[in-house]
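To get my numbering, take the position in the sequence shown, counting from 1, and add 408. Glycine is no exception: its CB is placed at the ideal position from the N, C-alpha and C atoms.
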Amino acid sequence: MFLKKLFKRTAEKIELHDIQAIILRDRPLPYHGVNVFLEILHTASAKAFLKEIVPYVTNAQNWWDNDNAWLSIAFTYEGLKKLELPQSTIESFPDAFKKGMAARSEKLMDINENAPEKWDAVFKTAGNHIAVSIIAKNMDDLNSKKALALQVLEKHQGVKLCFQADFDTPIEGNFNHFGFRDGISNPEIEGSGAEQLNSKERPIKAGEFIMGYNNEAGNYYPMPQPMEFAKNGTFVIFRKYHSHVAAFNRYLKEQAKNKDEQELLAAKMIGRWRSGAPLNMCPFKDNSALGADATKNNDFDFSNDQNGKLVPYSSHMRRMNPRNSKMAVMSDVNLHRIIRKGVGYGPALPNGSTKDDGKERGLYFIAFSAKAMETLEFLQREWVNSGNFMSLKNEKDPVIGLNEGKGTFTLPGEPLPKRFTGMPTFNTLKGGMYLFMPGINAIKWLSEL
Ligand code: HEM
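Here's what the structure looks like:
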């Protein structure tokens, strides 16, 4: 069920009524949705569109509300310029946001197979200005919210629909295209009223994720000015990945003798079994009851596995959140957390198939942070495409690293570690952009400028 957290009204200290729901709430399960990108042809028309659509933007206030479809809105830098914000506001955005994700590709190590030149055409245009996303519990609710948004859009000829992408839970039960339960671990945010069920982690200051609140260092990250405009907003990372599921299945079969060994290797690469059960809580065999139990499946740190024998340091989960691991290159883990709300797209490949059917499938990786650009650049450079932080030289993340057929993956072992080689890139980047997701009052302000 989707109310997996504990909620405490008394613990709410941030302005949930002004924060867009998608940032804080868990996705419905199963989910169905659509991402739409709009181009602004005429400023006045775009403002009128925003004025009319803003009452439908869902806020994060009533976690337990039975809202069946949430609508959210975000803007690219080009879009904000088109809306003719005051020059001082336009200039106050961080540089990486102004330049955009494609222009920062070297810093993000989005090169070779992942380079912007290889991206889908829609991500190469400057015409993506406004992103509207709807996520719903079922197709009926999705369709009625979509119809409503379209009605509003049709009235405003100065805003053109340029890209629409549907998405759906890839495999029943919230499993992604590789067959793993997804969307399990997210940070607990101080003052949000929702308690994560990880007794080993403390809540992180809201300012790490939402603008206008103190961050871990007790101050604010650079944010657009004035503060009234930035307050309750955040930056969004949007990346489209094409998942090579058949190649993943083939790799498992080539590297491991039998089904059990293949499953173990797959689990080692992620850090969890397919059910979502963490490897350090059940190292030898999947435990589907644990994997499905949201009160237990994220309640751990790595105290029982400081040498990575259970959950390899190189696994995707441990790289992306080393928790209390002792790293060769020290870093404050809480400063690199992101809120993830990625969604799958495309039809599932038949279970275990090693033949690619040529269909497009993958993940729209969507994440939120008050310093999203800086965090993504850090993650991509230090924890995804390098192994230095855990003394594995140039070994890369087995799930999202740019491995290009030359990747290695190391399992610590006695007397020698076990090394898998010749790993391809299992997820290639097909596009991406940075967006600013304002608070709801800020969208009103924008529409009335
Ligand atoms: C198609 C690409 C990807 C796949 C298939 C994938 C898959 C997964 C899976 C199965 C988990 C474990 C379950 C969970 O906690 O939700 C996970 C966790 C995670 N992933 Fe990914 N992921 C992908 C892309 C990314 C990207 C691009 C990033 C960031 C740059 C990322 C960051 C994370 C983080 C932060 C966690 C949680 C770690 C934790 O707190 O334990 N993932 N991912």
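In whole angstroms, what separates the C-alpha of residue i from that of residue j?
| i | j | result |
| --- | --- | --- |
| L718 | K553 | 45 Å |
| G535 | K563 | 20 Å |
| K455 | A504 | 26 Å |
| I612 | D740 | 12 Å |
| S794 | L800 | 8 Å |
| L743 | E624 | 7 Å |
| I645 | S777 | 8 Å |
| M409 | P438 | Since pLDDT at M409 reaches only 43, below the 50 mark, its modelled position is unreliable, and no value is offered. |
| N443 | L824 | 48 Å |
| M735 | T818 | 16 Å |
| T577 | F445 | 21 Å |
| G601 | E420 | 4 Å |
| H450 | I538 | 13 Å |
| A523 | E812 | 13 Å |
| T861 | N551 | The displayed coordinates of the chain run from 409 to 857. Any statement about residue 861 would go beyond what the structure contains. |
| L411 | S696 | Only weak support is given to the placement of L411: the predicted model assigns it a pLDDT of 49, under 50, and the question is left unresolved by the model. |
| I422 | P595 | 16 Å |
| A614 | V792 | 25 Å |
| S500 | E822 | 54 Å |
| N606 | T497 | 39 Å |
| R435 | G752 | 12 Å |
| L673 | M728 | 18 Å |
| E671 | H585 | 15 Å |
| S733 | P820 | 15 Å |
| G684 | P502 | 36 Å |
| E616 | L837 | 26 Å |
Using 7 Å as the cut-off, classify the Cβ of residue i as near or not near the heavy atoms of the ligand HEM, replying yes or no.
| i | result |
| --- | --- |
| V858 | With the chain covering only 409 through 857, there is no way to say anything about residue 858. |
| I746 | yes |
| H724 | yes |
| S777 | no |
| G587 | no |
| S552 | no |
| M728 | yes |
| N470 | no |
| L787 | yes |
| Y649 | yes |
| D694 | no |
| G716 | no |
| F773 | yes |
| I430 | no |
| Y808 | The sequence shown places Ile at residue 808, rather than the Tyr named in the question. Answer for I808: yes, Cβ within range of the ligand HEM. |
| L493 | no |
| I597 | no |
| R680 | yes |
| L824 | no |
| I592 | yes |
Cβ atoms of residue j and residue i: under 8 Å apart, would you say?
| i | j | result |
| --- | --- | --- |
| R769 | P755 | yes |
| T816 | M798 | no |
| T762 | R682 | no |
| E603 | K749 | no |
| L854 | T484 | no |
| A468 | R417 | no |
| L810 | M631 | no |
| K573 | H440 | Looking at the sequence shown, residue 573 is not Lys but Ala. Not a contact, by the Cβ cut-off of 8 Å. |
| A529 | W478 | no |
| I678 | F588 | yes |
| A654 | D764 | yes |
| I401 | I427 | Because the chain is modelled from 409 through 857, residue 401 falls outside the range shown and cannot be assessed. |
| I448 | K507 | no |
| G839 | K648 | yes |
| M509 | M841 | yes |
Give the range of the beta strand (DSSP E) segment to which residue i is assigned.
| i | result |
| --- | --- |
| K507 | From DSSP, K507 is part of no beta strand (DSSP E) but of the alpha helix (DSSP H) over D503 to K507. |
| M831 | K826 to M831 |
| M677 | Counting along the chain, M677 falls outside any beta strand (DSSP E), though it belongs to the alpha helix (DSSP H) covering K667 to I678. |
| G840 | N835 to M845 |
| T418 | L414 to E420 |
| K568 | V567 to D576 |
| G601 | S600 to E603 |
Just reading off the alpha helix (DSSP H) that residue i is part of, what are its end residues?
| i | result |
| --- | --- |
| M349 | Here the chain has residues from 409 to 857 only, and residue 349 is not among them. |
| M725 | H724 to M728 |
| R658 | V653 to Q663 |
| F586 | Per DSSP, F586 belongs to no alpha helix (DSSP H) and is neither H nor E. |
| W853 | I848 to E856 |
| E499 | Q495 to E499 |
| G487 | Y485 to K490 |
Does chain D have any CB closer than 8 Å to the CB of residue i?
| i | result |
| --- | --- |
| M728 | The question asks about chain D, but that chain is absent: this structure has only one protein chain. |
What I want to know is whether the C-beta of residue i ends up closer than 7 Å to one or more non-hydrogen atoms of the ligand FAD.
| i | result |
| --- | --- |
| L660 | With respect to the ligand FAD, the structure offers nothing, as its ligand set consists of the ligand HEM. |
For the pair the stretch 631 to 646 and the stretch 841 to 849, tell me if three or more CB-CB distances fall below 8 Å.
yes
Is it true that the stretch 565 to 572 meets the stretch 705 to 723, where meeting means three or more beta-carbon pairs spaced less than 8 Å apart?
no
Determine, using beta-carbon pairs with one atom in the stretch 719 to 726 and one in the stretch 803 to 819, whether at least three such pairs fall under 8 Å.
yes
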